[in-house]
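The opening position of the sequence shown corresponds to residue 18 in our numbering, with each subsequent residue numbered one higher. For every residue, glycine included, the Cβ atom is placed at its ideal position computed from N, Cα and C. Just so you know, these numbers come straight off a predicted model, no measurement behind them. Following: one structure in structure tokens, then a few remarks.
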Amino acid sequence: MKSLISIMDLDERDINALMDTADDIVARPGAYAHKMAGKKLASLFFEPSTRTRLSFEAAMYELGGNVIGFSEAQSSSAAKGESVADTVKTVSCYADIIAMRHPKEGAPLVASQSATVPVINAGDGGHNHPTQTLADLFTIRREKGRVSGLTVGVCGDLKFGRTVHSLLEALSRYEGNRFVMVSPEELKVPSYVKQHLKNNHVPYTQTTDLSQALPELDVLYMTRVQKERFFNEADYIRLKDSYVLTPQKLEGAKGDLIIMHPLPRVNEISVAIDQDPRACYFKQVLNGKYMRMALILMMLEGEK
18 MKSLISIMDL DERDINALMD TADDIVARPG AYAHKMAGKK LASLFFEPST RTRLSFEAAM
78 YELGGNVIGF SEAQSSSAAK GESVADTVKT VSCYADIIAM RHPKEGAPLV ASQSATVPVI
138 NAGDGGHNHP TQTLADLFTI RREKGRVSGL TVGVCGDLKF GRTVHSLLEA LSRYEGNRFV
198 MVSPEELKVP SYVKQHLKNN HVPYTQTTDL SQALPELDVL YMTRVQKERF FNEADYIRLK
258 DSYVLTPQKL EGAKGDLIIM HPLPRVNEIS VAIDQDPRAC YFKQVLNGKY MRMALILMML
318 EGEK
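What follows is the structure, given as structure tokens:
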């Protein structure tokens, strides 16, 4: 595989193979400890990140490889006006694979067209975040035993939430899934995502009422209202507390519901829920490392 820009660059077979590899990494970590010896990951993060950046770096280190890169645009030549294309052409001389996050939609695609090594999109604006989706799918499979035949609720900022867009597209490939989209009117899922679901005959409903939707859900995927995606601070302040999940709201939910969140959390999930066995958001973090390990292996080992 040359690069991974969108979750749609992977077919169902690829995703299942990655999850199988990640399961094997969990079971036999020692067998993978030197797989990437002598290889380097360039971690190019043009906007802040905790989980994604550190999990890519941890993934490469745990495979026996090394990491170079930067954690903000100001510490790179982008601060001097260097283009993304020139940056990745340069970095391709030093690294075997690039993980890149950028605030501008499409920047990783541009990078992939200029780089001479594989590029992994680690998040581009409101568009795509394919490796978060891989972590999400792996979490669902480990917790529910399957990624099909599920009623999945997505809640919060569905307009700008790139993790939601990628997850809906990925889960729509598996049979029997249906979606319940919970959001304020102003933050509803974009029309292109809904069109994708319609084209694939995937059933979905939209609502503004989380409490009403909860009892039917097998998976609840919460998201924060992202301040950095708003042009108007007044709109952010008005909408940021639209949906807050509390133990009281969960009283009518299924006992085997799983609660997910791409993090960072602000206040949309009460910390009291952290002790609930249905809370899986920190498991997602760990699963993200395993799936990024599997992805690096797939991209650098190729058909092997």
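Taken through DSSP and simplified to helix, strand or coil, Met53 comes out as coil.
Within its own chain, the residues whose Cβ lies closer than 6 Å to the Cβ of Ala124, once the five positions on either side in sequence are excluded, are Val101 and Asp141, listed in chain order. Residue ranges of uninterrupted alpha helix (DSSP H) with 4 or more members are absent from the segment 161–185; none lies entirely inside it.
Per DSSP, Leu312 lies in no beta strand (DSSP E); the unbroken alpha helix (DSSP H) holding it starts and ends at Tyr298 to Glu318.
Sequence-distant partners of Ser20 (beyond 5 residues in either direction) whose C-beta falls short of 6 Å from its own C-beta, in its chain, are Ser129, Pro135 and Val136. Under the three-pair Cβ rule at 8 Å, the segment 71–81 counts as touching the segment 299–316. According to the DSSP assignment, His119 belongs to no alpha helix (DSSP H) but to the beta strand (DSSP E) extending over Ile114 to His119. In this structure, the alpha-carbon of Phe87 lies about 43 Å from that of Ala270. The C-beta separation of Asn145 from Ser66 comes to about 15 Å, leaving the pair out of contact by the 8 Å criterion.
The alpha-carbon separation between Glu29 and Arg190 amounts to approximately 7 Å. At a Cβ-Cβ threshold of 8 Å, Ile85 and Ala116 do not count as neighbours. Excluding its 5 nearest sequence neighbours in each direction, Glu233 has C-beta neighbours in its own chain below 6 Å: Thr168, listed in chain order. At a Cβ-Cβ threshold of 8 Å, Leu227 and Cys172 count as neighbours.
In the three-state reduction of the DSSP assignment, Gln212 falls in the helix class, which pools H, G and I. Here DSSP, grouped into helix, strand and coil, assigns Tyr78 to helix. Counting only the Cα atoms, Gly178 lies some 21 Å from Leu71.
In the DSSP annotation of this structure, the continuous segment of the alpha helix (DSSP H) that includes Asp103 starts and ends at Val101 to Val108. For Val43, no beta strand (DSSP E) segment is defined; the enclosing uninterrupted segment is the alpha helix (DSSP H) at Glu29 to Ala44. By a beta-carbon distance limit of 8 Å, Asp174 contacts Arg241. Their separation comes to about 7 Å. Non-local beta-carbon contacts of Cys297 in its own chain, meaning distances under 7 Å to residues more than five positions away in sequence, involve Thr156, Glu160, Ile275, Ile276 and Met277 in chain order.
The beta carbon of Pro279 sits closer than 6 Å to those of Gln149 and Thr180, all from its chain and outside the five residues before and after it, given in chain order. Counting only residues of its own chain and dropping the five nearest sequence neighbours on each side, Val206 has a CB closer than 6 Å to the CB of Leu175 and Met198.
Using a Cβ distance threshold of 8 Å, Asp113 and Lys52 do not count as a contacting pair.
Excluding residues up to 5 positions away in sequence, Gln301, Asn304, Gly305 and Met308 lie with their Cβ nearer than 6 Å to the Cβ of Ala152 in the same chain.
Cβ-Cβ distances below 8 Å link Asn217 to Ser189 and Arg190 in the same chain, with the five nearest sequence neighbours on each side left out; the list follows chain order. Under the three-state reduction of DSSP output, Leu61 falls in the strand class. Annotated as proximal: Arg118 and Thr69, with beta-carbon spacing under 8 Å.
With 16 or more other CB atoms across the displayed protein chains lying within 10 angstroms of its CB, Asp235 is buried. Going by C-alpha positions, Thr225 is about 7 Å away from Glu202.
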